[in-house]
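**Q**
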Amino acid sequence: MAEQIPLHPVRCPANRKRAAFLSAPGPGSERPRRFLLEDESAHLDEMPLMMCEGGFENEESDYQTLPRARAARRPRGLTRLLCGLWKLLCTNCCDCLVNVCRRKKELKARTVWLGCPEKCEEKHPRNAIKNQKYNIFTFVPGVLYEQFKFFLNLYFLVVSCSQFVPALKIGYLYTYWAPLGFVLAVTIIREAIDECRRFQRDKEVNGQSYTKLTARGRVQVQSSDIQVGDLILVEKNQRIPSDMIFLRTSEKAGSCFIRTDQLDGETDWKLKAAVSCTQRLPAMADLFSIRAYVCAQKPQMDIHSFEGTFTREDSDPPVHESLSIENTLWASAVVASGTVLGVVIYTGQETRSVMNTSHPKNKVGLLDLELNQLTKALFVALVVLSLVMVALQGFVGPWYRSLFRFLLLFSYIIPISLRVNLDMGKAACGWMIMRDQSIPGTVVRTSTIPEELGRLVYLLTDKTGTLTQNEMVFKRLHLGAVSYSTDSMDEVQGHLRQAYAQASAGGGTPPRKAAPSGPRVRRSVGSRVQEAVRAIALCHNVTPVYEARPGLSRDPEQAEADQDLSDQNRSYQASSPDEVALVRWTESVGLTLVSRDLGSMQLRTPGGHILTFCVLQLFPFTSETKRMGIIVRDEATAEITFYVKGADVAMAPIVQYNDWLDEECGNMAREGLRTLVVAKRTLTEEQYQDFESRYTQARLSLHDRALKVAAVVESLEREMELLCLTGVEDQLQADVRPTLELLRNAGIKIWMLTGDKLETATCIAKSSHLVSRTQDTHVFRPVTTRGEAHLELNAFRRKQDCALVISGDSLEVCLRYYEHELVELACQCPAVVCGRCSPTQKAHIAGLLQRTGRRTCAIGDGGNDVSMIQAADCGIGIEGKEGRQASLAADFSIRQFRHIGRLLVVHGRSSYKRSAALGQFVMHRGLVISTMQVRHRVHHVPRLLSGAGPRRGA
Numbered sequence: 001m002a003e004q005i006p007l008h009p010v011r012c013p014a015n016r017k018r019a020a021f022l023s024a025p026g027p028g029s030e031r032p033r034r035f036l037l038e039d040e041s042a043h044l045d046e047m048p049l050m051m052c053e054g055g056f057e058n059e060e061s062d063y064q065t066l067p068r069a070r071a072a073r074r075p076r077g078l079t080r081l082l083c084g085l086w087k088l089l090c091t092n093c094c095d096c097l098v099n100v101c102r103r104k105k106e107l108k109a110r111t112v113w114l115g116c117p118e119k120c121e122e123k124h125p126r127n128a129i130k131n132q133k134y135n136i137f138t139f140v141p142g143v144l145y146e147q148f149k150f151f152l153n154l155y156f157l158v159v160s161c162s163q164f165v166p167a168l169k170i171g172y173l174y175t176y177w178a179p180l181g182f183v184l185a186v187t188i189i190r191e192a193i194d195e196c197r198r199f200q201r202d203k204e205v206n207g208q209s210y211t212k213l214t215a216r217g218r219v220q221v222q223s224s225d226i227q228v229g230d231l232i233l234v235e236k237n238q239r240i241p242s243d244m245i246f247l248r249t250s251e252k253a254g255s256c257f258i259r260t261d262q263l264d265g266e267t268d269w270k271l272k273a274a275v276s277c278t279q280r281l282p283a284m285a286d287l288f289s290i291r292a293y294v295c296a297q298k299p300q301m302d303i304h305s306f307e308g309t310f311t312r313e314d315s316d317p318p319v320h321e322s323l324s325i326e327n328t329l330w331a332s333a334v335v336a337s338g339t340v341l342g343v344v345i346y347t348g349q350e351t352r353s354v355m356n357t358s359h360p361k362n363k364v365g366l367l368d369l370e371l372n373q374l375t376k377a378l379f380v381a382l383v384v385l386s387l388v389m390v391a392l393q394g395f396v397g398p399w400y401r402s403l404f405r406f407l408l409l410f411s412y413i414i415p416i417s418l419r420v421n422l423d424m425g426k427a428a429c430g431w432m433i434m435r436d437q438s439i440p441g442t443v444v445r446t447s448t449i450p451e452e453l454g455r456l457v458y459l460l461t462d463k464t465g466t467l468t469q470n471e472m473v474f475k476r477l478h479l480g481a482v483s484y485s486t487d488s489m490d491e492v493q494g495h496l497r498q499a500y501a502q503a504s505a506g507g508g509t510p511p512r513k514a515a516p517s518g519p520r521v522r523r524s525v526g527s528r529v530q531e532a533v534r535a536i537a538l539c540h541n542v543t544p545v546y547e548a549r550p551g552l553s554r555d556p557e558q559a560e561a562d563q564d565l566s567d568q569n570r571s572y573q574a575s576s577p578d579e580v581a582l583v584r585w586t587e588s589v590g591l592t593l594v595s596r597d598l599g600s601m602q603l604r605t606p607g608g609h610i611l612t613f614c615v616l617q618l619f620p621f622t623s624e625t626k627r628m629g630i631i632v633r634d635e636a637t638a639e640i641t642f643y644v645k646g647a648d649v650a651m652a653p654i655v656q657y658n659d660w661l662d663e664e665c666g667n668m669a670r671e672g673l674r675t676l677v678v679a680k681r682t683l684t685e686e687q688y689q690d691f692e693s694r695y696t697q698a699r700l701s702l703h704d705r706a707l708k709v710a711a712v713v714e715s716l717e718r719e720m721e722l723l724c725l726t727g728v729e730d731q732l733q734a735d736v737r738p739t740l741e742l743l744r745n746a747g748i749k750i751w752m753l754t755g756d757k758l759e760t761a762t763c764i765a766k767s768s769h770l771v772s773r774t775q776d777t778h779v780f781r782p783v784t785t786r787g788e789a790h791l792e793l794n795a796f797r798r799k800q801d802c803a804l805v806i807s808g809d810s811l812e813v814c815l816r817y818y819e820h821e822l823v824e825l826a827c828q829c830p831a832v833v834c835g836r837c838s839p840t841q842k843a844h845i846a847g848l849l850q851r852t853g854r855r856t857c858a859i860g861d862g863g864n865d866v867s868m869i870q871a872a873d874c875g876i877g878i879e880g881k882e883g884r885q886a887s888l889a890a891d892f893s894i895r896q897f898r899h900i901g902r903l904l905v906v907h908g909r910s911s912y913k914r915s916a917a918l919g920q921f922v923m924h925r926g927l928v929i930s931t932m933q934v935r936h937r938v939h940h941v942p943r944l945l946s947g948a949g950p951r952r953g954a
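Per the UniProt record's numbering, the very first residue in the sequence shown carries number 1; after that it's consecutive.
#1: Using a Cβ-Cβ cut-off of 7 angstroms (strictly less than) and excluding sequence neighbours within five positions of L723, which residues of its own chain qualify?
#2: Bridge partners for S893 per DSSP, in chain order?
#3: Measuring straight from C-alpha to C-alpha, what distance separates R312 and T278?
#4: So, under 8 angstroms CB-CB, L538 and Y657 are touching, yes? Tell me the CB distance rounded to an integer number of Å.
#5: Once the 5 residues before and after R773 are set aside, which same chain residues still bring their CB inside 8 angstroms of it?
#6: Pairing CB atoms from the stretch 580-587 with CB atoms from the stretch 608-617, are three or more of them under 8 angstroms?
#7: Taking 8 angstroms as the threshold (C-beta atoms), are A647 and R627 in contact?
#8: Hey, Q222 and Q469 are a contact pair by Cβ (cut 8 angstroms); roughly how many whole angstroms apart?
#9: When we look at the beta-carbon of M389 and count the other beta-carbons within 10 Å, is it buried (16 or more) or exposed?
#10: Does K913 pass the burial test, meaning 16 or more other C-beta atoms within 10 Å, or should it be called exposed?
#11: Can you tell me the Cα-Cα spacing of L184 and V383, whole angstroms?
#12: How far does the beta strand (DSSP E) with Y458 in it reach, from first residue to last?
#13: Can you give me the start and stop residues for the alpha helix (DSSP H) that G430 sits inside?
#14: At the level of alpha carbons, what is the spacing between I414 and V779?
#15: Closer than 8 angstroms by C-beta to T856: which residues in its own chain qualify, once you throw out the five before and the five after it? Chain order, please.
#16: Name the residue from L591, P544 and R604 whose alpha carbon lies nearest to the alpha carbon of S575.
#17: Looking at the structure shown, is A574 part of a helix, part of a strand, or coil, going by DSSP?
#18: To the nearest angstrom, how far is the alpha carbon of G599 from that of R248?
#19: So, is N153 buried or exposed, given that buried needs 16 or more other C-beta atoms within 10 angstroms?
#20: Which residue wins for smallest C-alpha separation from A890, given the options G835, T442, A831 and K463?
#21: Is there contact between the stretch 128-141 and the stretch 371-383, where contact requires at least three CB pairs shorter than 8 angstroms?
#22: Name the two residues that bound the continuous alpha helix (DSSP H) containing R497.
#23: Pick helix, strand or coil for V866, following the three-state DSSP scheme.
#24: Between D662 and the rest of its own chain, which residues show a CB-CB distance below 8 angstroms, the 5 nearest in sequence each way excluded?
#25: Output the boundary residues of the beta strand (DSSP E) element that contains F613.
#26: Indicate whether G808 and C834 have their beta-carbon atoms separated by less than 8 angstroms.
#27: Using only the alpha-carbon positions, how far apart do T840 and N237 sit?
#28: Looking only at its chain, what residues have a beta carbon closer than 7 angstroms to the beta carbon of T187, apart from the 5 residues adjacent to it on each side?
#29: Provide the residue span of the beta strand (DSSP E) that contains residue 1036, from first to last.
#30: Could you give the DSSP three-state label for P75: helix, strand or coil?
#31: Put E729 into one of helix, strand or coil per three-state DSSP.
#32: When the distance is taken between beta carbons, is L403 closer than 8 angstroms to L387?
#33: Considering only the alpha carbon of each residue, which of E491, N794 and S337 lies closest to R239?
#34: Give the secondary structure of E719 by DSSP, where H, G and I count as helix, E and B as strand, and everything else as coil.
#35: Between W660 and I245, what straight-line distance do the alpha-carbon atoms span, to the nearest angstrom?
#36: Can you have a look at W330 and say buried or exposed, based on whether 16 or more other CB atoms are within 10 angstroms of its CB?
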């Protein structure tokens, strides 16, 4: 990409000389003793990324075996030795002081007994949320420090304080203290109002009442009083107060839905499953009659994974059940269905939501920083001018007093009204932004940085709810020989109706065994359409939801009986909008999902018959496998079928040979469609029983559980029958394409940071024209080690003018070892797409771009975007479906993404030009006034002009 960029690993001192990589010695040769061979991690420490094209000719295996030797340096005299000892002593002392001041508690795994907080071996933090920046003692000192840490304000303070000295007084006190006091008063009042608002919000959240289940019954506790080990009951539409393990629910299926839009930015509901051992208990009070505990991993930031175990000791034999992310209820999520009961495992600062939230910072515009530097230069000029004037007088008498009076006399060079004028001008720019009828609803929450909107280089944007509406529409179905689009779906409906009518007339399909390997009989188009639609209707994680009739009993059983099961009252909920779009499409062609629980699923055919399927196993989608699967048994035929759907890169190796999949996937991707490949495999009863035993054993493993489970599932994913290829379109926000094109023409580079899947993010980047269709994209391969990251960075460096697509896990590894190299290469890309990006990673990326000296802007609409918005130089929030959390935390709030074009290009540019012009005017005015004073002073020193003595009035 840029051959001139020197690529070296980080974490190494800049002055350390690079050791040479020596070739292995020949037979019989002896390596000099002054070269010491080190281990792999050490030689990776100083191995430079390959700089020439010839370096890429080596195989990847050669990279791991390249030896590195370093010349052992001898101390050069006593000076070098003393400097080394002094440096080592200072480093150790500083580290000790930092560790003592921070007092960071080491996070450990824990054992939590159900309903017994007193059994906790360690002290855990309070379950209180605190977003305040100051307390009652640090408010005034903190605000004053933030103001006077800049040289401009400090200079004004010193000049104003000098007027209390009679010998230095040259004017009225109010002429100096009034402007400074006005600025300080406005700043303190504004910070006090913001601090009071934060305090009220924290008090409201911490004071929310929850039901705690105890041995004596139910009691009401505040959110801040919840402890690890408590059993908390959370009602529908209530916020989850802390991280919990899901024990019981009022739903008969043993599962519930939660909304995580304020946690990961996804508006789709997530299905959570209760622990089966506790769900089977007759009543909630029976939890206190058993001896059970939960073993949980140490608190961490990853919101997409969890490993733990549930153990019941009083049963014979003891019950052991593995826990995963499906059994967790993270804090800040909202219960969407039923009533849930959970045991608290993490509280306060150890919850996932708090660990992924960064503290806000005081944002200062680049114009203010430039004026601060210019003030220093003007102060130096002021001191030089004052010294010249004292020198012209001959340094007679108390010349230092004259020097200080000259400094005060010429202080108009740095006018004290500069800050007041700029603040008033910025406030006027903010008022004009809010009054613009072309961008209605725009709110300026930070009036001190409107000019930053016109100086941006990087725009970091979220995907879900920001660029897209998060509404999927089914567009295309491809069966290999025939393709159906939106205008030919009536043909699919006709084939499906005819196929099920024939099956109904024939009395149903007889039981079939697994098809033997061998030549396949070519089936008709109707049977292939029927098989494909049935696979789409079964292979998903969607649950139909029926709203209860208003005004009826709130008892769970009675409410379930009073539900309206009509098609108009049915809605679908799933963890991915793609799956909802697919199920809605199957309903439109005649095959409807009418009910589902953890163990069964029912479909309604076009003729009104109900098909019941038993769900034997479900394998959810993961970013590693890029596919999901389900094993079902048809209750009518007893046929066991394994269905799988996923991305084409993950499905191509496991399906039977075909000559159309790659080509059609490319065609749909160029149209901006999100593709899914669907396949199946029929299993015999013996094959399934063997798989179930191996799968159960792998899930109970305490070591390398994920690897063992994946290996067992992969044993089934072989020679699967390819059924169809689907294409789904995500609806974009209004005028997204022209807005992105406008920003690119303005010289702004756009990075998409999303918590969604990498494939989804790539499709949206292409459909929104964030990445043009003719532009190459480099998909960064998943890396887990330093060596893999090294090789992949070398491969990425060879690409020319391509967009970078990288996952959050790979990004974390690269930033750990090659932070500088990755940022420098990515900054030269026309666009960057990062998927599965956590809120902390978003904020980290914003901070890295700020270190390059370029101004960054972050825009989002969910609670997971708050950290990124607060970390960027300028944050913009969108009021959308995910609430107002991002809008309230941002510096600017808008209604739609298209408004950002006018906000940046028109108002940002004009605010910058006006602020710069105002600053130049005030400074030039001060220079003119100071020049007049210098001329007046020189005129009253006639001896310097004619050789005579000074006048008395001088």
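Every residue, glycine too, gets a C-beta built ideally from N, C-alpha and C. These figures come from a predicted structure and were not determined experimentally.
**A** Reading from the atomic positions:
#1: E531, A532, A535, V678, A679 and K680
#2: V443 and G877
#3: 10 angstroms
#4: 25 angstroms between Cβ atoms; not a contact.
#5: R670 and K766
#6: no
#7: yes
#8: Not quite, the Cβ-Cβ distance comes to about 38 angstroms (not below 8 angstroms), so this is no contact.
#9: buried
#10: exposed
#11: 27 angstroms
#12: L456 to T461
#13: S417 to M434
#14: 53 angstroms
#15: L456, V457, Y458, L459, L460, A846, L849, Q850, A872, D873 and C874
#16: P544
#17: coil
#18: 17 angstroms
#19: buried
#20: T442
#21: no
#22: M489 to A505
#23: helix
#24: D648 and A652
#25: I610 to F619
#26: yes
#27: 27 angstroms
#28: V143 and Q147
#29: Only positions 1 to 954 of the chain appear in this structure, which leaves residue 1036 out of reach.
#30: Residue placement at P75 cannot be trusted, given a pLDDT of 42 that sits under 50; what the coordinates show is reported in the next sentence. It is coil, neither helix nor strand.
#31: strand
#32: yes
#33: S337
#34: coil
#35: 46 angstroms
#36: buried
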